[in-house]
Amino acid sequence: MERGGRVTGFLAFTGELTVDVLPRLIRPHRLRWRAIVAGIEQAGLYALPIVGLLAFLMGVVMTYQGGSVLRSYGANVFLVDLIGITMLREMGPLLAAIIVAGRTGSAYAAEIGTMQITEEVDALRTLGITPYEMLVLPRVAALAVAMPLLSVWADAMGVLGGMIVANGLYDVSFATFLDRLPYAVPVRMFWAGIGKTPVFALLIAMVGCYHGLRVRGSAEEVGRATTMAVVQSIFLVIIADAVFSVVFQQFGI
Amino acid sequence: MAAPVIEARDLVTEIGGRRIHDGLDLRIERGELMAIAGSSGSGKTVLIRALTLLLPIAGGEIRLFDAPVTGLNRAGERRLRRRMALMFQRGALFTGMTVLENVMMPLAEHTRLPLGLRREIARVKIRLAGLEPDAAHRYPGELSGGMTKRAALARALALDPELLFLDEPTAGLDPVSAAAFDSLIRELRDLLGLTVVVVTHDVDSLWEIADSIAFIGEGRVLARGDAATLAESDEPAVRAYFSGTRMRRGRERSWETA
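Heads up: the sequence lines are chains E and D, in that order. Here numbering that gives the first Met the number 0 is used: the first residue of the first sequence is 0, the next is one more, and so on. Here numbering that gives the first Met the number 0 is used: the first residue of the second sequence is 0, the next is one more, and so on.
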């Protein structure tokens with residue numbers, strides 16, 4: 000019963016957001032560009048260090064583990080395939096999405112939830128501004144831009160991490176690695192990875208804003224909304240990733 | 000007779016399935032300063048939220064400025080909201096902006112005035128609400144309770160509304176500030192010709208400023224009139240509220256000052 004209410008609640012939110020936002024997209028000069036740009040800075044630029052570091056370490060670990068197996072077959076050079084494909088197609092986008100869900104999705108829920116409690120959301124409505132226009136749309140748009148860019152960054156840093164370990168421990172020089180990379184990893188792999196990220200961004204931003212707007216009453220609710228936003232958005236991102244895998248497989252991408 | 004500014008007929012509101020108002024009727028004329036009183040939990044704030052279109056109503060009808068408020072499209076709703084303003088109980092100032100930016104926000108939303116002019120108008124409103132000019136550049140977190148109320152009032156006045164709702168404007172203020180705020184509201188009403196609806200628990204306010212008081216209870220308006228009339232009301236709940244000792248002291252005070 001409770002779960003059913005939550006699903007219909009989210010559907011209602013999606014519907015209201017769509018009805019509110021679609022007419023605005025026809026007049027893009029009326030969008031709140033300043034809020035969108037500030038959002039890209041917050042969610043994208045400031046996340047670069049953490050996303051870069053974690054992707055780099057992920058690349059290091061995968062190469063370290065995979066390399067010891069491949070070396071016993073004398074197939075060190077296939078590290079390029081291993082790192083390239085897993086990083087670009089799966090790990091880069093997924094890693095970025097999970098960090099963004101924890102970092103930005105939670106912030107969205109907490110910010111909007113607090114605004115509910117201080118009645119700022121109602122104050123906006125008395126001015127004839129809907130929370131969708133002012134609070135949700137700029138956040139969703141900002142993340143839809145920041146997320147793919149962060150994923151490219153994660154891809155690059157992950158591959159770099161792999162490259163350094165492959166060079167240091169498994170005798171695959173940088174030149175060899177870069178030489179082989181385009182053959183091992185076709186460009187469509189890269190696009191298959193990046194293509195998923197706007198969907199991840201949409202899920203994270205919408206779930207975060209939805210839980211923020213649902214807050215009523217107490218500070219405790221803000222905490223609960225933040226937790227729910229992170230847990231559900233990571234859950235949905237991984238489900239979406241699985242669906243993409245199946246669909247891409249079917250279409251042979 | 001001119002049409003009333005607010006007319007609620009047979010109003011029904013519900014929150015979380017619980018019925019708050021059931022068949023409430025209320026008329027407020029232009030230029031009237033109307034207080035809404037009632038014991039805690041009687042739905043005063045809910046009524047204000049319904050009248051300011053923040054809460055969808057479950058039944059009945061609300062007419063503002065002689066037009067129904069249901070079925071408005073987005074542009075119609077914006078036009079209507081421009082003509083009225085609500086001062087929230089705890090201010091509800093936008094926390095990321097200074098007081099000046101808070102007051103400029105409605106102007107930026109609803110007018111095409113250039114930035115310099117918006118800033119100037121905002122400063123006038125801030126002064127009108129009785130705030131010192133140097134408070135304009137502070138953030139809401141740096142304001143005292145009384146200043147927050149005044150800043151919220153300045154924002155509510157930004158667009159020169161015809162209809163002003165005040166939710167507990169003097170709650171949490173010391174008696175001197177509360178009295179000053181009351182006289183400010185009266186002054187502004189006389190100066191700007193506003194219609195004012197004020198929800199209050201403040202006994203002094205009820206005696207001092209209201210032209211008439213609507214007492215809410217059992218989901219409807221139990222009684223209406225000035226405080227002296229309500230003290231003689233047939234409804235025991237109303238009589239109890241208005242003839243309690245706190246009320247009597249308020250009445251004595253208002254006689255002294257009269």
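Built from N, CA and C at the ideal position, the CB exists for glycine as well. All figures in this text were calculated on a predicted structure; none of them were measured in a lab.
Those residues which DSSP pairs with residue i across a bridge
i      : result
D:V220 : D:I215
D:T12  : D:H20
E:P130 : None, per the DSSP bridge assignment.
D:G90  : D:F87
E:P185 : DSSP, once it has assigned bridges, lists no residue as partnering E:P185.
D:V196 : D:M33 and D:F164
D:P67  : D:R62
Within-8 Å CB hit, residue i to chain D
i      : result
E:A11  : no
E:G127 : yes
E:E219 : no
E:R124 : yes
E:M0   : The predicted model places E:M0 with a pLDDT of 39, which falls under 50 and marks its position as unreliable; any figure quoted below should be read in that light. Chain D contact via Cβ: absent.
Min CB distance residue i to chain E below 8 Å
i      : result
D:A257 : With a pLDDT of only 48 at D:A257, under 50, the local geometry of the prediction cannot be trusted, and no value is derived from it.
D:E108 : yes
D:F93  : yes
D:A84  : yes
D:L152 : no
D:R81  : yes
D:M69  : Here the sequence assigns Thr to residue 69 of chain D, which means Met is not the residue at that position. No, its Cβ sits nowhere closer than 8 Å to a Cβ of chain E.
D:T12  : no
Cross-chain neighbours of residue i in chain E, by beta carbon under 7 Å
i      : result
D:R77  : G127
D:E161 : Result: empty, since nearest Cβ-Cβ is about 14 Å, beyond 7 Å.
Buried/exposed call for residue i, threshold 16 Cβ in 10 Å
i      : result
E:W32  : exposed
D:N72  : exposed
E:S105 : buried
D:E207 : buried
D:R126 : exposed
D:S38  : exposed
E:S150 : buried
D:I56  : buried
E:H28  : exposed
D:P139 : buried
E:Y209 : buried
E:T13  : exposed
E:I25  : exposed
D:V265 : The question about residue 265 of chain D has no answer here: the residues shown for chain D are numbered 0 through 257.
Within 8 Å, strictly: CB atoms of residue i and residue j
i      : j      : result
D:D203 : D:A179 : no
D:R223 : D:A213 : yes
D:A151 : D:M86  : yes
E:A109 : E:T225 : yes
D:E60  : D:D9   : yes
D:I14  : D:D166 : no
E:A143 : E:A200 : yes
E:G127 : D:E108 : yes
E:Y131 : E:V245 : no
D:I184 : D:G42  : no
E:I35  : E:P137 : yes
E:G207 : E:Y107 : yes
E:E118 : D:A91  : yes
D:R81  : D:L158 : yes
D:T44  : D:M83  : no
E:A140 : E:T103 : no
D:L23  : D:G218 : yes
E:M57  : E:A95  : no
D:A34  : D:T199 : yes
Chain E residues whose Cβ lies nearer than 8 Å to that of residue i
i     : result
D:F87 : E118, D121 and A122
9 Å Cβ cut-off: residues of chain E touching residue i
i     : result
D:T44 : Near D:T44 there are no residues of chain E at all, since even the closest Cβ is about 11 Å away, more than 9 Å.
D:L53 : D121, R124 and T125
Chain A within 8 Å of residue i, Cβ atoms only
i      : result
D:P105 : Of the chains in the structure shown, none is chain A; the protein chains are E and D.
Residue i: CB within 7 Å of a non-hydrogen atom of the ligand FMN
i      : result
D:A151 : For the ligand FMN, the structure offers nothing, since it holds no ligand at all.
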